[in-house]
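Participant: A single structure is presented below for examination.
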Amino acid sequence: MNWELVFTVSNNWALLMWLILAFAPRQYFGGDMVMKGVFYGGVSLLALTYALIVIPLMTGMIEGGSSEGNFSSLAGVQALLSSDGGATIGWIHFLAFDLFVGIWVARNADKYGFARWIQVPILFFVLMLGPLGLVLYLLLRFSRHNRVADAVVPQ
């Protein structure tokens, strides 16, 4: 398998979805069309790519994985991610989940009235640093609400 090609296509596709999420006018196109497009065209397609590759890779049906890899120790995880296939599939995993969180942040920020110019830097942090971007958004949201439950419980 050409892991460099899989990595590049997945990475570029995710970046396109992030650009659409950050800059496409969400109030047009029937309201939720942009979000549905990013969800189904972005998250779902990345998740499907992951699903179609991870089992054959882990079972040795396709080359590029590590036979010493496992999830029970740090050394095992390092072995999984040290191969071309393992690094690529790990990256697709990050891309899919970070984009999912980005969609939640954007939808929630729209719901609570945060301007796009505030959302874009937060979305950038979600893209680049995942959980840190989520924490930044939750802190921002907490600053606008008096009750903790309103600030941290996803709705």
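According to the working numbering, the residues represented by the sequence shown are 9 to 163, in order.
All C-beta atoms in this analysis are idealised placements derived from N, C-alpha and C, irrespective of residue type, glycine included.
#1: If you draw a straight line from the C-alpha of VAL109 to the C-alpha of MET69, how long is it?
#2: Can you find the residues in the same chain that come closer than 8 Å, C-beta to C-beta, to VAL113, ignoring five residues on each side of it along the sequence?
#3: Which whole-angstrom value describes the C-beta separation of THR67 and ILE100, a residue pair presumed to lie in contact below a C-beta threshold of 8 Å?
#4: With DSSP as the reference, label GLY110 as helix, strand or coil.
#5: In angstroms with no decimal places, state the Cα-to-Cα distance between TRP26 and SER52.
#6: Are there 16 or more other CB atoms within 10 angstroms of the CB of LEU82, so buried, or fewer, so exposed?
#7: What is the rounded straight-line gap between the Cα of ASP40 and the Cα of TYR120?
#8: Could you pull the start and end residues of the alpha helix (DSSP H) that VAL134 belongs to?
#9: May I ask you to report which of helix, strand or coil DSSP gives ARG149?
#10: Considering only the beta carbon of each residue, do LEU89 and ALA95 sit closer than 7 Å?
Facilitator: Working from what's here:
#1: 31 Å
#2: GLN127, ILE130, LEU131, VAL134, GLY141, LEU142, TYR145
#3: 17 Å between Cβ atoms; not a contact.
#4: helix
#5: 14 Å
#6: exposed
#7: 16 Å
#8: 124–137
#9: helix
#10: yes
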